[in-house]
Every structure is written in C-alpha cells, then in structure tokens.
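What follows is one structure encoded as structure tokens, with my remarks underneath.
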Amino acid sequence: MTLQEQQAVLPRQLVDTGLYTSYAPSPGLYDEMLDAQGAVRPHWQMFFNLLDDLGPEKLHHRWETARQLIHDNGVTYNVYGDPAGMDRPWHLDSLPVVFSAAHWAVLEAGIAQRARLLDAILDDLYGPQRLLAEKIIPPELVFGQGLFLRPLHGVAVPGARRLHTYAADVGRGADGRFVVLTDRTQAPSGAGYTLENRMVISRALPDVFRDCRVSRLATFFRRLRETLKSLSNRENPRIVLLTPGPYNETYFEHAYLARYLGYTLVEGADLIVRDNYVYLKMLGGLKRVDVIFRRQDDDFCDPLELRADSALGIPGLVQALYCGNVAVANALGSGLAESPALMMFLPAICRRLFSEDLLLPSVDSFWCGNAEARKYVLDNLPQMVIKRAFSSIQDKPVFAGKLSWDELEKLRNSILAGPSLFVGEHYVALSTAPVLVENRVQPRHLVLRLHATSVDDGYCVMPGGLARFSGSADSMIVSMQRGGGSKDAWVLSDGPVDSFSFLQPPGQAVVFSRALGDLPSRVADNLFWLGRYEERAQANARLARGIVTRLMDQTFDASAELPILFSALEKQTMYTQPEGREFSAEARLVEILMRNTHPNGFPATLQSIYRIAALVRDRMSLDIWRIINRLDEDFPRAETFDPALLDILPALDRLIITFAAFDGLTMESMTRGYAWRFLDIGRRLERVLATLTLLSETLVPVVDREGPLLESVLEIADSIITYRRRYTTNLQVPPVLDMLLADESNPRSAAFQLVRLQEHLASLVPDGTGVGLSAPERIILRLLTDIRLADLNTLGRSDDTDDNRPREHLDRLLKIWMDELRMLSDVISRAYLVHVSESRQLGFQLSTSVAEPAS
Amino acid sequence: MLVQVTHITELDYSALISETVMELRMAPRQERLQHRLSFVLGIGPASEVHSYFDWLGNTVHTFAINKLHRSVKISAVSVVQTYDRDRQTLQSADMWPPSAPTDHSLFDMLRLDAPVVDCPALTELTEQIRPAGRESLARVALNIMDKIHAEFVYEKGITSASSTIAEVLEHRRGVCQDFTHLMIGLARKLHIPARYVSGFIHAGNQQFRGAAETHAWCELYFPTTGWMGYDPTNNCEVKDNFVKMAVGRNYMDVPPHKGVYRGNATETMKVEVHTMDLPEISSNLVGERTSSLNVPIFGNTGRGGVVPWILEEQVQQQQQQQ
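Quick mapping for you: the protein sequence lines, in order, are chains R and L. So for the first sequence, the numbering used here puts the first residue at 1263; every next one is plus one. So for the second sequence, the numbering used here puts the first residue at 49; every next one is plus one.
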C-alpha cells in the first residue's frame, strides 16, 4: 500500500475504533499527529496502526494496569499548598507523542549548541567577564540580580565546565518550528520523571514500543554518570545526590534518580565540612564526598556564604569549593544563565563567542531594561506575556491580554518603576497532541522538556523527553502544578536502536558481593524511628481493639476493666479529655483514635509512619512501600466520615493485619544489614516500652475481679493462646507477669525484646575506643538481669490486708525500667546515629550568628 | 601612626551546641595607606583556621568546631602602620557629575539594594543636596556629610542590625552603620560609587564616636585618586587614626564575624575593642600566626562514656517528644 492509499484508508478505520472519532485539533495550530489536511503524519503511521490493531478495549485494559503501576510505585509530584496532601499522584497520559528522526535532529543540534553557549556564558561571567567589558551584555544583567553569586567569581571549576546538566522547555509554534521557552541551568528537573514515564509506557505497550523502534534513554544516563565521575580525579569517587528534602515538589524524582544512577541520596544535614573537605555522615564514620550532584537551588547550598536563612545547606561548602576539594554539578552560581533577560542577547553572544548563528531560536523576548525593548513591550502590552527578568521558576507569567484595564495599568506602572526586572515575550501558539481524556482522544497543548549532559567535546542530548500538556484545550498554561499532565516522548530511530541498559550484559563475569553496605546516619535514624512509630501504632491499635470488642460484646460485664483499659489507651496516645465535656464510651474512643490532635496522638503517629517511610523510600522494597501506602486506606480519617463502633472494629483489624504484613515483610525480605537492624532496634525498644506501660497501667491497680482484666491484657499482648494452653483458665497475676515480662521464648515478652536488642547492638561497628560493653549494651544487660532476677510471685501479690491497694513494688520497678529504656533510646541515638551530636528527631536546628552592627 | 588593635569577641550559648562554622573579617586590609605588620588570631575552643581573600579583596579567616561546646572566643590582635592621605581631597580635580564608570565592577557600588534601599525620603533628601551644576566632587562629598550631621541624631537603640535606610530616614536617628548606609545611599543617588568600610578608630586623646568599638564609615570613588574615606558619624574625612578591616557593598558583606551553629540554644555576644598607639613595634608581635584560647569543650560521647548531665538534658527533650 502506498502512503496515499494508507492515508485514504485510515480515517475510516479511526471511526471504527472510536478512539479518535472526536479528535479535532484547532485549525491554525500545528498538530503533532495530524497535518493541516487532517491526515496522519507519516512518522505517526506505524504507531497509529499498531494501536489500531490493539483496539480500544485492550488499550484500556493495559492502561489500567499501568496506572496501578504508577500508584504502587508511589510516583508523585508534591504540590505546595495542595489541601489533598503532600503527594499528588503523577498524571501520565497513555499515548506518547512521536517525533521523527529528522525533526529530532534539528532539536538535538539546537539544544546541544544552546547548552554549550550557556556554559560558555557562565564561564565568562564567573571569569574574565569579557562580555561585560565588550558591552555585549549590560552589567545590570549580571550584578543587578540575586543569581550572580559573587563569592564564586573567579573560583575555578573542575573540568572547566559549569553546566553539567541542562534542560530546556521547548514548544512548537503554528509554523511548525521549535522555540525555546525557558532554560533550566541550576538544577534541571524532569529527567527522572522522563525515565519513569518511559518505564510505565514501555511496560503498557511493549510490542508497540519495540516495533516503532524508539530510541532508548539509558545511553543518556550512562553519559551523565561518566560526566559526574570525571569531575573527580579519584579512582572511585563518592558521588551523592543532594535533595532539599521530601517536601520538595520533585522529591520522588530525586529518590528515583539516586536509585537508578546508584548514588546515595543525601540532604544538607547529612553532609559536613571538615578541614575544607566534604564528608557524608555514615554509621561507620565520616566518608569523604567527591562530587555533589545537586537538586537544590544555588543560594541554598551554603548558609554561611550564600543565604543565611537556608536551613538546607552545608555550612562551609563554598570553602571546600575554593580549595578544589569537592565538585558540585551544576556548578554553584549556574542559575545565572537561566534568567529570561538573557534570551534577547543570546544570538549576539553566540556570534561573539562561537562565530555561529543560534540554531534554535528562543521565544521572542524583550528585556525592559533596554530602552528600545521596553518601548516595544509597553506599546504592545496586551499582546505580551510578562515575566520576571531574573527568576524564571518561582513566579507565574502574566498574560497581559487577560488582564482588566486597571490591572493592565498597574502592570504598566510596575514595569516603568523597575523596568530591568521585567521581560516581555510574544505569546507562542503551542502545538497540540492527542491526549486520552475520559476514553476520548482530545487535543491538548504541548511543551517538551529536553535534557542534555556535558560530554568531552560538547553536549549529549537525551533522545526523548518529558512532554507536558495543558489542563484544557483552551489553556496554554502547561504546568504539573496547575492540573496538566505528562506524556512520554518517543523519538523514532533511523538506524538500529542502541539497546544499552544499566543491567549487566549476559555472560559477563560478576564479582560476588555480600556487602551489607554502610548507611548514612540520617537514614539509620529515620529507620529507627520508623520502627518505633510503627510498633507504637500497633500497640495502640491492639489496645483499642481490646476496648472495642469489650464494648460491643454485651454478654459480658466489662465494667471493671473498661475504665482501666481506657485510661491506659489515653495515656499511651497522649489524650486528655477536654474539660467540661462528657462522652459516651463509644464517642470517647472515636475522639481518642481519630480526633486527637496531640503530636504523639494516634492519628499523628500513623501520619509519622507515612512521613518517615517516605524519607527512606529509597531503602525499601516496592512491596514494603505498598504496605505503607495501604495504611491510609485501612484507617479512614475522621474528616471523611462519622464512624460508628461497627466501622472501627474492621478498620482496626485491617490495620493490625497490615502492621503484621509490614513486620513479616521486613523480617523476611530485608538483608540483615544496618538498615534492617536499626528498624528492628526501634521496633524492639518500642515494644518493651509498650509492654511495660501496659503492665503498669493495668496490673498496678488492684481490682475486685482480676480475671477479665488479665484476659484482656493477655489478648492485647497477643499471648492469650499460649497462656490458655499452659494454664487453662486459671488467670493470675504472677504467671501473666512471667509470660509478658520474663519468658524469653514469648516473642511478645519484654525479655525477648531485650535479648534481640542485645544481639543487634553486639553486631554494630565497634568504635575501638574501649574494651567491654558499650553504654547501650550495659543498660540492656542491667535491665535483662533485673527482669530475670525479679521475684514474680512477690511482685504479683496484692496486699490481702488492704483491699485494692496498688502493687507498689511492681509499680516502682516498672517505672525504673521505663526510665532506663528511655535513656537507652537516647544513648543509642548518641552512640550510633549522630556524628555531630545532633539528632534530627530532637529538632536541632541551624542558627546564624552575625556580629552586631558597628556603632 | 603605629596602632595596635585588640578585638575580642565572646559568644556564649544557653545550651550546648554541637557545631560552629564561622568566618571572620577581622584582619586589617593591606593597602597603600595602611600596612598590616602583624595579625595574631586566637580561637577557642582550639580549631584549625584557614584563610582566603573574598571577592572584595578582604582577608577572610574560617574555622569550624565540631565538638560540643558552650562558648566561642575569638581574639584578634593586629599592629598596623597607617599613613595620612597625601593630599587634601578638596584639591582633587575630580568633578561632579562623574562620567559613567567604564569599569563594570563599580556597578555594585552604584546599585541601591537592601539595606541601602531607594525610597521617596531618600529621593527627597538627595534633591536637597543635589548640586546645581558642575561642582568639585570633594565638595559634594563634604556636603552630603554635613547634611547627615545636621539633620540626624546619633542615638543607640533606635535601629537594629537589619534596619534599612528607610527606617533611618523615618526616625532621623541611628548609629554609625546607619549613617554610613545613608551616606552611601545619597552618594549612589548622585551617581557616585560608594562602599562600606568596617574598621576601628583610634581616638587617642581626642573625642570620637565609635572608638573602643567596631566602627563603620564609607568610601567614595574619585576617578583620579581612587577610594576616599568619609566618616559621617564623626563628620570628618578619614585620617591615619582609622584602621580598615574590610570593604563591601553594605554591612552584610563585611560583618567581623558571621557563622552558623547547630543546637537549640540562644546566643549572647560580647565584643571588646582596645586601641593604642605604639612607639615601636614590639618584636613578639611581628609575624602572623594563630594561637588557641582556652575555652572548655565537651567530648563527643562516643560509645563508652556519656557525660551524665548532658544525657539528662537529652532525656528531658526526648520525653517531651513522647
């Protein structure tokens, strides 16, 4: 069949599938799939046919699977101030956008040249400043803004390159030409999302992907790794990926890339500068860092030299850079090149520095600091998009055409008041591409984020990119923050597809390794607290379930033990009943479990589990992460419905089973390295504490009929079955104490946990400062010996002469033990988790100290 | 004049802190009219000191303390030979308005940026002193200084470290930093490059505001003679009893010490400055070196020992978390 015949036939097939029936791009705009006559462009043919063969139903089914994958992988994009919560699921469209090899070649050459140009500009402005001396760009563009970091002026960079990664947002105008909309030079994001999109789409459409001969992305990432490695002259440089932290909008990507590239994911607080070298705080001590691949903005990187209010930075980093002891990619200060104000000067700079013409044009851009440009912008204001000249990312562009007359005047006045702070741009009528919206294919405007990384002789451009589309056909605003979505971008290959993958080629000999791996102290700290919170929530849930079952079962008289159990639960969850309010037992439970706003209350504890798990997401298997994701669904929040006792019981049951799954999975699938040990240390420690607290709350007071109370205690501590087998129905305090305190074969007893803790601590790296036991080991041994020696018969006996006199001896012992345990938690933190005597859980913070002004 | 400056800074913290990273701009500059003959720095707790020149040519010393500590003490003692300016500025041939500077590095010293902010009150004051036509640049500088001296009152406690000149213009009161910022603002409004200087005055038997303290004044750029110093607080031109530590766009570029610390503690600061003129250089002060001051530190607890009272503090914090 010839091409013409195919085109003649296809529209009819479209009608048949129903998928594309309503696809009608606006006339006058460029559409990626259909040409002006409404025929499918040749490079889409293959994709189109293959999708057609698949049929809408199969496509739909496959897509559902892929969507599940996104959910399960926890792909998110944090939106600041989103009431729906911190993590918004990633919105990926099932249809990729396809580019021909010929179109791509144009883009590729343009992006590579532009990256080279921006790098050369940075090199000049942080060096000899010839561009200023020759008046090719005005000094205001450099000194008149915050992105020029003066402390870095004249500081040499390794490899003489400042831009190791570069990204550009590119759009296609109505004439089909590509234009650059924005440049990203400080810490370009999107490469990780591009990769994740590709993984999902190629899994949803494996056959289509293969048959279309789509260029692979892995080669690009190999180049990136080589580039970063080359920044250090050490044999095996330690490279870390620096993230601002989980509250950053693209945190998912940071964790994802770190895992993919094999780098340690670190936050500023993990790094420390000593004697002008940068070190990573690990459990095994400080490890020197050679290259920092940063995803943090320039001025936040060093609170000492750059931005004093930054709590994220590494004090002294700039010093280490001065000494050439560490490399940062992209170089600090590279944000200077992303000012929209610079765009207008690029063609002239390109001719001056390279004697070349700029291959890929920028959007028509007019910096108002220039008199001529300002006049043009003000004369044509309603047709302009107005941006801040020096900060491309934070501020929203203003579409002047959509302003009221008053707003327009206000804008005009602010431009006149500080003209050099504004840039006017022509509006680009962005091209459209097909997007699947509610099972129908509809046109949406498209912006493509392209990535480049430096290589020896220039830049290597990723064959593909992150395509983002607008929220509606009318909106030209393309933003993940404002309701749009993303697509995979396929670049068709002319030749054979490079099938490089980070997986080892078959047949190559593999070096065996059983290394457990060292762990950053912060990660160990987080795992420790994850263990503690998880166990705490579990203990609370068990106690609450004990209460619910007693409340619901009307056949028993539970009036004796209920007040005691309630008081135990309230104490464990830091709940205080508001004054002057009386609740029924049922309402009281709902208050405790769902409406308690105390930072250590039950709802907050569940939240903490999720929050901390997110911090160590890169350390956990996907399955564990899925379990964590379920917690939220298991236990609904109070805002969403008004719960009844009947709903709470199954919710608690689900929760307890999910916790059991978590325990089981971490037990069975985590290697016995530091990560697992610290998780387990936290868990064991919390479990002893919970057991002792339960005993202290329930067995110290003496009630008339102790049987039912003892039964509920055993049930809450998950030991009732064993007890019955051993003692049948003879419920007495001393054997209960034995089971829950001293019996080292009962995995719920205090002694059992202590033995496990003893094993863990013995296996940790000795610091070589002494012989004998470490401080935590001493505390454990003391506790364990105390428990083993305790005379349970005496402790459990109630005073017969005085009715209902509490068991004072037991009370005193339990209190001492609990104090020791709290101290143990602290000593463990001090001994293993902090290298600068600082634990993040204690809320230690960075503060600035500045000399008082002269007088 | 041969001047010895002793500059002692003591920082005390309400609780133990675990990390201090600090940079100092305390060493007198080496310039044509000021030779630093000796600079001895003492740091406590003892720590290794590194130094470099910042982008303005100031000498910066940096150090870090990574052990628990409760106070930091810095002592900087320098001996400086200073010279009077060799010619009266009023004889300078430089005229106002100055031609636009060809050196783009002066751009920073012409820009109005926080805390030297542009505001209507600044514009108003500028208009009151704007020369009618061509005028000697030195005369314009003296006029600015006279204006500040006539209309502003020296008073402590009105402004703070972060005050902008808008606040100074509103209260008509301030201290030397404020007057310096104000003079810089007025000069820049009149297109004269101006920069901030931090340093000391040796008063001798004369009266000077800002003696026995860290002081600030400014310098205006004269195309033929370079940077010339003016002290608006004392309404005088800078002479050989002024010792320059550092120059910058404004105070933020040149604080004598600037640092970060890690810990839940508040800081109290005490600064002492003594100056004296020496008949000759004492031989044991020649040469630059660092020494350490005896300030107690608390050892990292490591595995074995835990300092008991530290632990107590920690346990309390921990319990508040639970």
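The beta-carbon is built from N, C-alpha and C at its ideal position, and this holds for glycine as well.
At a Cβ-Cβ threshold of 7 angstroms, R:Thr1447 and R:Ala1599 count as neighbours. With respect to chain R, the C-beta atom of L:Thr110 has a partner C-beta closer than 7 angstroms. In this structure, the straight-line span from the alpha carbon of L:Phe101 to that of R:Gly1575 is close to 22 angstroms. Across the structure, R:Asp1641 and L:Glu261 are spaced so that their CA atoms are roughly 56 angstroms apart. The C-beta of R:Arg1412 comes closer than 7 angstroms to at least one C-beta of chain L. Note that the C-beta distance between L:Val128 and L:His109 is not below 7 angstroms. The alpha-carbon separation between R:Ile1383 and R:Val1580 amounts to approximately 21 angstroms. By the Cβ criterion, the region 1797-1806 of chain R is in contact with the region 1938-1954 of chain R, since at least three pairs of Cβ atoms, one from each stretch, lie closer than 8 angstroms. The region 199-210 of chain L and the region 116-135 of chain L do not touch, with fewer than 3 CB-CB distances between them shorter than 8 angstroms. The closest CA to that of L:Ser95, considering only L:Gly105, L:Thr107, L:Met70 and L:Lys306, is found on L:Met70. Within chain L, His152 have C-beta atoms less than 8 angstroms from the C-beta of R:Leu1394, given in sequence order. Per the DSSP secondary-structure output, R:Trp1629 pairs in a beta bridge with R:Val1685.
By the C-beta density criterion, R:Gly1663 is exposed, having fewer than 16 other C-beta atoms within 10 angstroms. The alpha carbon of R:Leu1414 has as its nearest neighbour, out of R:Ile1501, R:Cys1474, R:Ala1582 and R:Gly1452, the alpha carbon of R:Ala1582. In the DSSP assignment, L:Glu218 falls within the alpha helix (DSSP H) that extends over Ile213 to His219. Bridge partners of R:Trp1667 according to DSSP: none are assigned.
For R:Pro1287, the nearest beta carbon of chain L is not closer than 7 angstroms to its own beta carbon. Counting only residues of its own chain and dropping the five nearest sequence neighbours on each side, L:His197 has a CB closer than 6 angstroms to the CB of Asn283. Within the region 1555-1635 of chain R, the complete beta strand (DSSP E) runs of at least 3 residues fall at 1589-1591 and 1627-1629.
For the set L:Arg220, L:Lys287, L:Ile240 and L:Glu218, the Cα lying nearest the Cα of L:Ile249 is the one of L:Lys287.
Interface flag for L:Tyr100 against chain R is set, since a Cβ pair is found closer than 7 angstroms.
R:Tyr1428 is positioned such that its CB atom lies no closer than 7 angstroms to that of R:Ala1875. Annotated as distal: R:Leu1503 and R:Tyr1936, with beta-carbon spacing of 7 angstroms or more.
When the Cα atoms are used, R:Ile1399 and R:Leu1425 turn out to be separated by approximately 20 angstroms. In this structure, DSSP gives R:Lys1637 a helical state, which the three-state scheme calls helix. Here R:Ala2024 carries a helix assignment [DSSP, helix/strand/coil]. The Cβ-Cβ distance between R:Trp1752 and R:Pro1420 does not fall below 7 angstroms.
Neighbours of R:Gln1391 in chain L, taken as residues at a C-beta separation under 9 angstroms, are given in chain order as His152 and Ser153. In the DSSP secondary-structure assignment, R:Met1295 is not bridged to any residue. Neighbourhood of L:Trp103 in chain R, by CB distance below 8 angstroms: Arg1412, Pro1413, His1415 and Gly1416, in chain order. Per the coordinates, the alpha-carbon of R:Gly1389 lies some 30 angstroms from the alpha-carbon of L:Trp265. Secondary structure of L:Leu89 (DSSP, three-state): strand.
For R:Leu1698 against R:Asp1925, the beta-carbon gap comes to about 41 angstroms, at or over 8 angstroms, which does not count as contact. Two segments are said to touch when three or more pairs of C-beta atoms, one from each, lie closer than 8 angstroms; by this definition the region 116-124 of chain L touches the region 52-63 of chain L. Among the residues of chain L, none has a CB under 7 angstroms from the CB of R:Leu2045; the nearest is roughly 16 angstroms distant.
At least one CB atom of chain L sits nearer than 7 angstroms to the CB of R:Gly1578.
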